[in-house]
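Visitor: Structure below; questions to follow.
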């Protein structure tokens, strides 16, 4: 996948840590709100922040491929974590969130939900579109906007932001899953780019 941000989306420099991309000039209002909400409270110089900036960057590129559309229909609700259901039901007003369950349990629920949306494959974004299409049905994972990619990215923010320092097993599980979501969004962006 082309590793560049959309036009009007330069990098914001930081003194220490990862680099936040700036909000694209052509983004819709919903995206600008989500952009700020996802950034709130994330420190780019710590372990979670460095991983999250990669997720965030991929989310921006993917939403840009969809021209920042915000359709009312998003990802399937089946198996979606209850904490995300509550957040969506309350109008997504709170972006910083203390999980009411353990980060481990929430992570397991988030992974199970993502598995219902994407084919079980080891395909990468470097694969051809023909190989990607042959790997399974990616249509369920094609969901830009508030009810799609934003929900998964916000779930990753909550999960990773609450893993305790020193819990290496949970960090490894989070990192592996976060990279799987990044690849999934890259694949969706690639398919969308081919259809333009």
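In this note's numbering, the protein residues as written are 12 to 207. We put the CB at the ideal spot given by N, CA and C, even for glycine.
Should residue 101 go down as buried or exposed, given a rule of 16 or more other Cβ atoms within 10 Å for buried?
Guide: Answer is exposed; the Cβ neighbour count stays below 16.
Visitor: Three-state secondary structure (DSSP) at residue 172?
Guide: Helix, per DSSP.
Visitor: Using a Cβ-Cβ cut-off of 8 Å (strictly less than) and excluding sequence neighbours within five positions of residue 40, which residues of its own chain qualify?
Guide: Closer than 8 Å at the Cβ level, and outside the excluded window around residue 40, lies no residue.
Visitor: Can you tell which of 80, 111, 121, 129 has the C-alpha that lies nearest to the C-alpha of residue 156?
Guide: The residue with the shortest Cα to Cα distance from residue 156 is 80.
Visitor: Following the continuous alpha helix (DSSP H) through residue 96, name the residue where it begins and the one where it ends.
Guide: Run containing residue 96: 93 to 100, per the alpha helix (DSSP H) assignment.
Visitor: Around the C-beta of residue 78, are 16 or more other C-beta atoms found within 10 angstroms, so that it is buried, or is it exposed?
Guide: The residue in question, residue 78, is exposed, as its Cβ has fewer than 16 Cβ neighbours within 10 Å.
Visitor: Inspect the CB distances between the region 148 to 164 and the region 82 to 91 and report whether three or more fall short of 8 Å.
Guide: These segments touch.
Visitor: Does residue 69 come out as helix, strand or coil in the three-state DSSP assignment?
Guide: The answer is helix: DSSP assigns residue 69 an H, G or I state.
Visitor: Could you give the distance in angstroms between the alpha-carbon of residue 94 and the alpha-carbon of residue 161?
Guide: Each residue's alpha carbon lies about 14 Å from the other.
Visitor: Work out the CA separation of residue 88 and residue 204 for me, nearest whole Å.
Guide: Rounded to whole angstroms, residue 204 to residue 88 spans 26 Å at the Cα level.
Visitor: Roughly how many whole angstroms lie between the Cα atoms of residue 184 and residue 38?
Guide: Computed Cα separation, rounded: 32 Å.
Visitor: Let me know the secondary structure DSSP gives residue 39 once reduced to three states.
Guide: Residue 39: coil per DSSP, three-state reduction.
Visitor: Within 10 angstroms of its Cβ, does residue 30 collect 16 or more other Cβ (buried), or is it exposed?
Guide: Exposed, because fewer than 16 other Cβ atoms sit within 10 Å of the Cβ of residue 30.
Visitor: Tell me whether residue 129 sits in a helix, a strand or coil according to DSSP, three-state version.
Guide: DSSP places residue 129 in coil when its eight states are reduced to three.
Visitor: If I follow the unbroken alpha helix (DSSP H) through residue 144, where does it start and stop?
Guide: Its alpha helix (DSSP H) spans residues 140 to 145.
Visitor: So, at 6 Å on beta carbons, what are the nonlocal neighbours of residue 14 in its own chain, with the 5 sequence-adjacent residues on each side left out?
Guide: For residue 14, the predicted model reports a pLDDT of 48, less than 50, meaning its position is unreliable; a value from the coordinates is still stated below. Counting only Cβ-Cβ distances below 6 Å, and skipping sequence neighbours, we find nothing.
Visitor: Does DSSP put residue 195 in a helix, in a strand, or in coil?
Guide: Correct three-state label for residue 195: helix.
Visitor: Could you check which residue in 199, 111, 193 has the C-alpha nearest to that of residue 141?
Guide: If we check each option's Cα against that of residue 141, 199 comes out closest.
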